[in-house]
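A.B. asks:
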Amino acid sequence: MKLKYLVPVFIVACAFFACNNDDDRGDGFEERDVAEVEAEDDAEIQLYLQTHFYNYEEFASPSADFDYKIVFDTIAGDNANKTPLIEQVTDTVVDFRDVPHTFYYLIARQGPKTNPKPQLGQQVLVRYEGSYLDGEVFDESNVETSFSSLGVVVGYGDFLVKLRSASGFDENVDGTIKWNNDYGIGAVFLPSGLAYFSSPPPGTQIPTYSPLIFKSDMLQFNDLDQDIIQTASGNISSPDGIPSHMEDVDGNGDPRDDDTDEDGIPNYFDADDDGDGILTEFEYDVDGDGIPDDSDGDGVPDYLDPDNQIG
Ligand SMILES: [Ca+2]
Ligand SMILES: [Ca+2]
Ligand SMILES: [Ca+2]
Ligand SMILES: [Ca+2]
Numbered sequence: 013m014k015l016k017y018l019v020p021v022f023i024v025a026c027a028f029f030a031c032n033n034d035d036d037r038g039d040g041f042e043e044r045d046v047a048e049v050e051a052e053d054d055a056e057i058q059l060y061l062q063t064h065f066y067n068y069e070e071f072a073s074p075s076a077d078f079d080y081k082i083v084f085d086t087i088a089g090d091n092a093n094k095t096p097l098i099e100q101v102t103d104t105v106v107d108f109r110d111v112p113h114t115f116y117y118l119i120a121r122q123g124p125k126t127n128p129k130p131q132l133g134q135q136v137l138v139r140y141e142g143s144y145l146d147g148e149v150f151d152e153s154n155v156e157t158s159f160s161s162l163g164v165v166v167g168y169g170d171f172l173v174k175l176r177s178a179s180g181f182d183e184n185v186d187g188t189i190k191w192n193n194d195y196g197i198g199a200v201f202l203p204s205g206l207a208y209f210s211s212p213p214p215g216t217q218i219p220t221y222s223p224l225i226f227k228s229d230m231l232q233f234n235d236l237d238q239d240i241i242q243t244a245s246g247n248i249s250s251p252d253g254i255p256s257h258m259e260d261v262d263g264n265g266d267p268r269d270d271d272t273d274e275d276g277i278p279n280y281f282d283a284d285d286d287g288d289g290i291l292t293e294f295e296y297d298v299d300g301d302g303i304p305d306d307s308d309g310d311g312v313p314d315y316l317d318p319d320n321q322i323g
């Protein structure tokens, strides 16, 4: 897919992005048991899904002025006969610290099959809203915002790659963009283990162990190439020419668990994937035939082979 729409600014805010994965805070803080928190969160989320519905009737028969925003409400009173969310969501299990965690997602509208989905490692362009289960919104962006699908909390990234993007857009006379109204629209319900768990981003009001909801419109996506070289004075950006989502050596759709030289830096961030001192960009496809080079013919391409014989 060719990038048609470039977002000039990356809005990077800890309010939303997974900035702190450190579970050893060193301040006497005693972290709660992961399995115990997961059980509580899952019960809370399931209760929410049983007792709430969304405006599915509006999505099914949209009026001319419908804004295509998901609205949740309680099943009660005039709405006592609505179909609960629990019957409309899909659940997915992801491990967090070896404990299986379930997240639930709702596709309120999926784009047509001809509209592609992003992959983990690509940059997505979305509108989003983050809230707690009580409905209070802690973060939102109604204007298009772009970020890496791996730059957000795990469960949110895993959900975003399930939504199809828009087929395109028109440019208004004032230069603003009007997206074709066929983009994917959905929401995800995350246990805290797939969100911020014990380490909400500093400077935000998000409490520890908060299950979260993210609503999203998937507008567009494009490739990223994010490799770095670590130096004593900081990290230097050194893209290796391989898009991040393609640095998925084991082919499981997730570039986070591929670290060929086992130095703790996954290949999509590591400018020297095999740790042999030669940057990936100088071993990947030196002869330029579009196929990764394999000098010693052992089936392992040079950039992933620390003992390849070059020259
Ligand atoms: Ca790369
Ligand atoms: Ca992988
Ligand atoms: Ca590495
Ligand atoms: Ca190398």
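So the sequence shown is residues 13 to 323, counted in this note's numbering. We put the beta carbon where it would ideally sit given N, CA and C, even for glycine.
Hey, would you say the C-beta of Y315 is under 8 Å away from at least one heavy atom of ligand 4?
C.D. replies: Residue mapping note: residue 315 aligns to position 303 of the sequence shown, counting from 1. Answer for Y315: yes, Cβ within range of ligand 4.
A.B. asks: By how many angstroms is the C-alpha of E141 removed from the C-alpha of I82?
C.D. replies: Taking the sequence shown and counting its residues from 1, one reaches residue 82 at position 70. Taking the sequence shown and counting its residues from 1, one reaches residue 141 at position 129. Taking the straight line from one Cα to the other gives about 10 Å.
A.B. asks: Where G265 and S73 are concerned, what is the direct C-alpha to C-alpha distance, given to the nearest angstrom?
C.D. replies: Taking the sequence shown and counting its residues from 1, the one referred to as residue 265 is at position 253. Taking the sequence shown and counting its residues from 1, the one referred to as residue 73 is at position 61. Distance between the alpha carbons of G265 and S73: 35 Å.
A.B. asks: With 16 as the cutoff for other CB atoms within 10 Å, does D284 come out buried or exposed?
C.D. replies: In the sequence shown, residue 284 corresponds to position 272, counting from 1. With 16 or more other Cβ atoms within 10 Å, it is buried.
A.B. asks: Three or more beta-carbon pairs under 8 Å between the stretch 199-217 and the stretch 236-254, yes or no?
C.D. replies: Output reads no: the stretch 236-254 does not touch the stretch 199-217.
A.B. asks: For ligand 4, is there a heavy atom less than 8 Å away from the beta-carbon of E274?
C.D. replies: As a first step, residue 274 is located in the sequence shown; it is residue number 262 there, counting from the start. No - ligand 4 has no heavy atom lying nearer than 8 Å to the Cβ of E274.
A.B. asks: With three or more C-beta pairs closer than 8 Å as the rule, is the stretch 94-112 touching the stretch 127-138?
C.D. replies: With a cut-off of 8 Å, the stretch 94-112 and the stretch 127-138 do not count as touching, because too few Cβ pairs lie within range.
A.B. asks: Rounded to the nearest angstrom, what separates D185 and L231 at their Cα positions?
C.D. replies: Walking along the sequence shown from the start, residue 185 turns up at place 173. Walking along the sequence shown from the start, residue 231 turns up at place 219. Just to set this straight, residue 185 is Val in the shown sequence, not Asp. Rounded to the nearest angstrom, the two C-alpha atoms are 20 Å apart.
A.B. asks: Measuring alpha carbon to alpha carbon, tell me which residue in G147, V149, R139 is nearest F159.
C.D. replies: Walking along the sequence shown from the start, residue 159 turns up at place 147. Of the listed residues, the one whose Cα sits closest to F159 is R139.
A.B. asks: Whose CA, out of G169, Y117, L291, lies closest to the CA of P130?
C.D. replies: The count along the sequence shown starts at 1 and reaches residue 130 at position 118. Of the candidates G169, Y117, L291, the one whose C-alpha sits nearest the C-alpha of P130 is G169.
A.B. asks: By DSSP's criteria, G263 is part of a beta bridge. Which residues make up the other side?
C.D. replies: For this step, residue 263 is matched to residue 251 along the sequence shown. BP columns for G263 are empty, so no partner.
A.B. asks: Using only the heavy atoms of ligand 2, determine whether one of them is closer than 8 Å to the beta carbon of V261.
C.D. replies: By 1-based counting over the sequence shown, the position of residue 261 is 249. The answer is yes for V261.
A.B. asks: Look at the alpha carbon of Q62 and the alpha carbon of K174, and state the distance between them as a whole number of angstroms.
C.D. replies: As a first step, residue 62 must be located in the sequence shown, where it is residue number 50. As a first step, residue 174 must be located in the sequence shown, where it is residue number 162. Answer to the nearest angstrom: the Cα atoms are 23 Å apart.
A.B. asks: Tell me which same chain residues have a C-beta within less than 7 Å of the C-beta of I87, skipping the five on either side of it?
C.D. replies: The sequence position of residue 87 within the sequence shown is 75, counting from 1. The residues are T63, H64, F65, K94, P96.
A.B. asks: Kindly indicate which three-state DSSP category D35 falls into: helix, strand or coil?
C.D. replies: If you number the sequence shown from 1, residue 35 lands on position 23. Any reading at D35 must be qualified, since the residue scores a pLDDT of 46, below 50, and its modelled position is unreliable; the value itself is stated next. Three-state DSSP puts D35 in coil, outside helix and strand.
A.B. asks: Since E152 sits in a beta bridge, which residues does DSSP pair it with?
C.D. replies: Here residue 152 corresponds to residue number 140 of the sequence shown, with the count starting at 1. Partner(s): E141.
A.B. asks: At what residues does the alpha helix (DSSP H) containing A47 begin and finish?
C.D. replies: To locate residue 47, count along the sequence shown from 1; it is residue 35. From DSSP, the alpha helix (DSSP H) with A47 extends over 46-63.
A.B. asks: Just the C-alpha distance for S161 and G198, rounded to the nearest angstrom, thanks.
C.D. replies: In the sequence shown, residue 161 corresponds to position 149, counting from 1. In the sequence shown, residue 198 corresponds to position 186, counting from 1. In a straight line, the C-alpha of S161 is about 15 Å away from that of G198.
A.B. asks: Can you list, in chain order, the residues of its chain with a C-beta nearer than 8 Å to that of D34? Leave out the 5 residues immediately preceding and following it.
C.D. replies: Mapped onto the sequence shown, residue 34 falls at position 22. Its pLDDT being 47, under 50, D34 is placed unreliably in this model, and the coordinates cannot settle the point.
A.B. asks: According to DSSP, is I218 helix, strand or coil?
C.D. replies: On the sequence shown, residue 218 is found 206 positions in, with the first residue counted as 1. Looking at I218 - three-state DSSP - the assignment turns out to be coil, as it is neither helix nor strand.
A.B. asks: Return the chain-ordered list of same chain residues with a C-beta closer than 7 Å to the C-beta of N316, the five sequence neighbours on each side being excluded.
C.D. replies: Here residue 316 refers to the residue found at position 304 when the sequence shown is read from its first residue. It should be pointed out that residue 316 corresponds to Leu in this sequence rather than to Asn. Cβ within range, chain order: V261, T272, D285, D286.
A.B. asks: Where does I248 land, buried or exposed, given buried means 16+ other C-beta within 10 angstroms?
C.D. replies: Here residue 248 refers to the residue found at position 236 when the sequence shown is read from its first residue. That one is exposed.
A.B. asks: Any heavy atom of ligand 3 inside 8 Å of the beta-carbon of I324?
C.D. replies: For the chain, the structure presents residues 13 to 323; residue 324 sits outside this window and is missing.
A.B. asks: Is any non-hydrogen atom of ligand 3 found closer than 8 Å to the C-beta of P251, if you look at the structure I gave you?
C.D. replies: Locating residue 251 in the sequence shown gives position 239, where the first residue counts as 1. No, the beta carbon of P251 sits no closer than 8 Å to any heavy atom of ligand 3.
A.B. asks: Give a yes or no on whether the minimum CB-CB distance between I98 and chain D is below 9 Å.
C.D. replies: You won't find chain D in this structure, because it holds only one protein chain.
A.B. asks: Is the CB-CB distance between F209 and V49 below 9 Å?
C.D. replies: One-based indexing of the sequence shown puts residue 209 at position 197. One-based indexing of the sequence shown puts residue 49 at position 37. Cβ atoms of F209 and V49: closer than 9 Å.
A.B. asks: What is the DSSP secondary structure of F28, counted as helix, strand or coil?
C.D. replies: Your numbering for residue 28 matches position 16 in the sequence shown. Note on F28: pLDDT 38, under 50, position unreliable in the model; the coordinate value appears next. In this structure, F28 counts as coil in the three-state DSSP scheme.
A.B. asks: Could you tell me whether any non-hydrogen atom of ligand 6 is closer than 8 Å to the CB of D282?
C.D. replies: Annotation note on ligand 6: not contained in the displayed structure, which lists ligand 1, ligand 2, ligand 3 and ligand 4 as its ligands.
A.B. asks: Go ahead and pull the three-state DSSP assignment for D110.
C.D. replies: Along the sequence shown, one-based indexing puts residue 110 at 98. It is coil, neither helix nor strand.
A.B. asks: Put D299 into one of helix, strand or coil per three-state DSSP.
C.D. replies: Along the sequence shown, read from residue 1 onward, the residue named residue 299 stands at position 287. The answer is coil: DSSP assigns D299 none of H, G, I, E or B.
A.B. asks: Where does the unbroken alpha helix (DSSP H) through G169 begin, and where does it stop?
C.D. replies: Looking up residue 169 in the sequence shown gives position 157. That run of the alpha helix (DSSP H) goes 166-172.
A.B. asks: Nearer than 8 Å: is that true of the beta carbon of G187 relative to any heavy atom of ligand 4?
C.D. replies: Reading the sequence shown from its first residue, position 175 is the one you call residue 187. Answer for G187: no, Cβ out of range of ligand 4.
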